[in-house]
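So the structure is just underneath, and the comments pick up after that.
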Amino acid sequence: MSTALLEADVLAALRAANRNEIFVHELYTALQQPTNLLLLDVRNEEEFQMWRIETRHTPETLHLPYFFFLEEEEKAVDQVKERVQDGRPVVVVCAKGGASDYVAERLREADVYAINLAGGMVEWGDFYDVRPVTEQPDYRLYQVDRVARGCVSWVFISKGEAAIVDPLRYGERYVKLLEQQNAQLKLLLDTHAHADHISSGPELAKMTGATYYLHPYDAIHPFDMLPARMEYTMLHDGQRLKLGALQIEVIHTPGHTLGQVNFLVTAPDGETFCCTGDNLFIESFGRPDLGGQGERWAPLVYDTIFGVMKQRVPSHAWILPGHYASPAEANAEGLYVKRLEDLWRENHSLHFDDKERFVEFVLGHLPYMPPQYVQIKRVNIGLSSPSLDEADELELGKNICALSG
Amino acid sequence: MTTDPTTIQVHQELDVRGLNCPMPLVKARQAIVKLDVGQVLKVISTDRGSVKDFQGWAKAANNVTLLAQSEEPGPDGKTLYLHYVQRTK
Numbered sequence: 001m002s003t004a005l006l007e008a009d010v011l012a013a014l015r016a017a018n019r020n021e022i023f024v025h026e027l028y029t030a031l032q033q034p035t036n037l038l039l040l041d042v043r044n045e046e047e048f049q050m051w052r053i054e055t056r057h058t059p060e061t062l063h064l065p066y067f068f069f070l071e072e073e074e075k076a077v078d079q080v081k082e083r084v085q086d087g088r089p090v091v092v093v094c095a096k097g098g099a100s101d102y103v104a105e106r107l108r109e110a111d112v113y114a115i116n117l118a119g120g121m122v123e124w125g126d127f128y129d130v131r132p133v134t135e136q137p138d139y140r141l142y143q144v145d146r147v148a149r150g151c152v153s154w155v156f157i158s159k160g161e162a163a164i165v166d167p168l169r170y171g172e173r174y175v176k177l178l179e180q181q182n183a184q185l186k187l188l189l190d191t192h193a194h195a196d197h198i199s200s201g202p203e204l205a206k207m208t209g210a211t212y213y214l215h216p217y218d219a220i221h222p223f224d225m226l227p228a229r230m231e232y233t234m235l236h237d238g239q240r241l242k243l244g245a246l247q248i249e250v251i252h253t254p255g256h257t258l259g260q261v262n263f264l265v266t267a268p269d270g271e272t273f274c275c276t277g278d279n280l281f282i283e284s285f286g287r288p289d290l291g292g293q294g295e296r297w298a299p300l301v302y303d304t305i306f307g308v309m310k311q312r313v314p315s316h317a318w319i320l321p322g323h324y325a326s327p328a329e330a331n332a333e334g335l336y337v338k339r340l341e342d343l344w345r346e347n348h349s350l351h352f353d354d355k356e357r358f359v360e361f362v363l364g365h366l367p368y369m370p371p372q373y374v375q376i377k378r379v380n381i382g383l384s385s386p387s388l389d390e391a392d393e394l395e396l397g398k399n400i401c402a403l404s405g
Numbered sequence: 001m002t003t004d005p006t007t008i009q010v011h012q013e014l015d016v017r018g019l020n021c022p023m024p025l026v027k028a029r030q031a032i033v034k035l036d037v038g039q040v041l042k043v044i045s046t047d048r049g050s051v052k053d054f055q056g057w058a059k060a061a062n063n064v065t066l067l068a069q070s071e072e073p074g075p076d077g078k079t080l081y082l083h084y085v086q087r088t089k
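Chain order of the listed sequences is A and B.
The first sequence begins at 1 in UniProt numbering and counts up by one.
The second sequence begins at 1 in UniProt numbering and counts up by one.
If you want it as structure tokens, here you go:
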């Protein structure tokens, strides 16, 4: 949990302890509010362009690859010094924390208050932020956010039972959370077979005995046309599942994938939550082309959003999406949730009333598709088992599941 | 950078196996200035990140050219990343 320490406290504590190193959870906490720190990213141009540290309050960032500190140390150090004449702290970041440590040391020798981000972008990429959405006597809901990738998963707990919607790669993080919550994992619910990240659903099912659910349409690889090689239980439209005092209805919402579903969760207090996966986001919605069939699937996106969602999801339901493109999509509590009625008004990508124009808009705003997305889908349906390093590389960077612009 | 590494005449080898970023570059910089202008340093690294790092360094530095890079399996099965750097100034 990232709570307790405020930004000023984190940095003040570091200074007081004369620490030369900051951990990712501390940096994340510090960046929940505007700060005056300077982020110095010393990775290569290519890596920096691909992804960088972003939060709701991304600090001023300076990019200066570390070999400049080797080649022209004085000039590079001066360039940093110029930016922090008031003595504010510099947090130095590289891929794994080695080069940034070297640079931070050079800066400290030049009387700059420089702190190394321990573990670098690898650690930042693996950081999960957990925060409560609601904690009622008979049910609780948590947001588990893999900050660097913009991936969000949702944990429902009721009467000692737990369900995870779209579990992200590190299954053991959820196991830990559920131990703290004294809950037993029962349902593993993937809204679809993901292309941008590796699901821990099948692994958690093996580990805990919980049931892993997926829609069968997504158990066929859209490029390979090969069936899944893993155990899963089939979801279907209209199916009802129970978790303690919570009722879960499965709504088939094809478009992003053919087997994409929403989970509509109704609580005894009348609140309704709709896990939309890569169907609806707070801003924009899921692109239809990651299965290589953009032109065919784009009309399905229209039918799902303006047909199925309008008819079957109550307008007061809280939408819980699987992704965000920018931390600005969070509310004041850092939660990526919004009532559907507000989404209709505020999500600018939804201001269409004509299917043809909608499809044209969608096909005109398809971003680049990372080639590794085809491979990740193989992994998620058991057609491929990457090593840890390979998995890290497949998942590098931020998700690109929404439309652009 | 299309030179076939097997045709390059190497004047010195630098073994930085087991060292992580930034050490392969730090050591390569120290070694290259001990060579004569025109001579070639072959760097043997186990750090995958060194591939991009040597490319970036060669662009940033004004006294070296990166002639070639290649990969080969090491004796323990770990991939070796080879960099051929020529001193130009």
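Glycine included, each C-beta is placed from N, C-alpha and C at the ideal position.
DSSP on residue i, reduced to helix/strand/coil?
i, result
"A:Ala-118", "coil"
"A:Gly-98", "helix"
"A:Pro-132", "strand"
"B:Asp-15", "strand"
"A:Ile-400", "coil"
"A:Met-234", "strand"
"A:Tyr-368", "coil"
"A:Asn-380", "helix"
"B:Lys-89", "coil"
"A:Arg-140", "strand"
"A:Gln-180", "helix"
"A:Ile-157", "strand"
"A:Gly-294", "helix"
"B:Ile-53", "Note that residue 53 of chain B is Asp in the sequence shown here, rather than Ile. Helix at B:Asp-53."
"A:Asp-22", "The sequence shown places Ile at residue 22 of chain A, not Asp. In this structure, A:Ile-22 counts as strand in the three-state DSSP scheme."
"residue 446 of chain A", "Here chain A comprises residues numbered 1 to 405, so residue 446 of chain A is not present and cannot be evaluated."
"A:Phe-127", "coil"
"B:Thr-6", "helix"
"B:Lys-59", "helix"
Got a sec: does the ligand NAD put a non-hydrogen atom nearer than 6 Å to the Cβ of residue i?
i, result
"A:Ala-391", "For the structure depicted, the ligand NAD is absent and the ligand set is empty, with no information on it obtainable."
Do residue j and residue i come within 7 Å of each other at the CB atom, strictly closer than that value?
i, j, result
"A:Arg-83", "A:Leu-38", "yes"
"A:Val-261", "A:Phe-273", "no"
"A:Ala-245", "A:Lys-159", "yes"
"A:Tyr-142", "A:Ala-267", "no"
"A:Arg-173", "A:Tyr-128", "yes"
"A:Leu-40", "A:Val-77", "no"
"A:Pro-371", "A:Arg-56", "no"
"B:Ile-8", "B:Val-51", "no"
"A:Leu-241", "A:Phe-156", "no"
"B:Tyr-84", "B:Ala-58", "no"
"A:His-252", "A:Lys-377", "no"
"B:Leu-25", "B:Asp-53", "yes"
"A:Cys-94", "A:Val-165", "no"
"A:Leu-258", "A:Tyr-373", "no"
Kindly indicate which residue of the options has the alpha-carbon position closest to the one of residue i.
i, options, result
"A:Ala-391", "A:Ile-400, A:Ser-326, A:Val-379", "A:Val-379"
"A:Leu-320", "A:Gly-292, A:Lys-310, A:Glu-21, A:Ile-282", "A:Ile-282"
"B:Met-23", "A:Glu-26, A:Phe-69, A:Asp-166", "A:Phe-69"
"A:Gly-201", "A:Ala-17, A:Pro-216, A:Tyr-232", "A:Tyr-232"
"A:Lys-398", "A:Phe-352, A:His-348, A:His-323", "A:His-323"
"B:Gly-77", "B:Thr-46, B:Leu-41, B:Ala-58", "B:Thr-46"
"A:Arg-19", "A:Thr-35, A:Glu-73, A:Ile-164, A:Arg-108", "A:Arg-108"
"A:Met-225", "A:Gly-292, A:Leu-243, A:Val-165", "A:Gly-292"
"A:Lys-81", "A:Gly-97, A:Cys-94, A:Leu-64, A:Glu-71", "A:Leu-64"
"B:Arg-17", "B:Lys-89, B:Ser-70, B:Tyr-81", "B:Tyr-81"
"A:Pro-137", "A:Gln-181, A:Ala-118, A:Gly-382", "A:Gln-181"
Using a 10 Å radius around the Cβ and a threshold of 16 neighbouring Cβ atoms, would you call residue i buried or exposed?
i, result
"B:Gln-12", "exposed"
"A:Ala-332", "exposed"
"A:Asn-279", "buried"
"A:Ala-234", "Sequence check: residue 234 of chain A is Met here, not Ala. With fewer than 16 Cβ atoms within 10 Å of its Cβ, A:Met-234 is classed as exposed."
"A:Leu-388", "exposed"
"A:Ser-315", "exposed"
"A:Arg-345", "exposed"
"B:Gln-86", "buried"
"A:Arg-52", "buried"
"B:Thr-6", "exposed"
"B:Thr-88", "exposed"
"B:Ser-70", "exposed"
"residue 440 of chain A", "Shown here, chain A extends from 1 to 405; a query on residue 440 of chain A therefore has no answer."
"A:Val-10", "buried"
Could you pull the DSSP bridge partners for residue i from this structure?
i, result
"A:Cys-151", "A:Arg-146, A:His-323"
"A:Gly-277", "A:Pro-321"
"A:Gln-247", "A:Lys-242, A:Thr-266"
"residue 430 of chain A", "Absent from the structure is residue 430 of chain A, since the part of chain A shown begins at 1 and ends at 405."
"A:Thr-272", "A:Thr-266"
"A:Thr-211", "A:Leu-187"
"B:Ala-68", "B:Tyr-84"
So residue i contacts chain C; which residues on that side make the cut at Cβ distance below 9 Å?
i, result
"A:Lys-96", "Protein chains A and B are contained in the structure displayed, whereas chain C is not."
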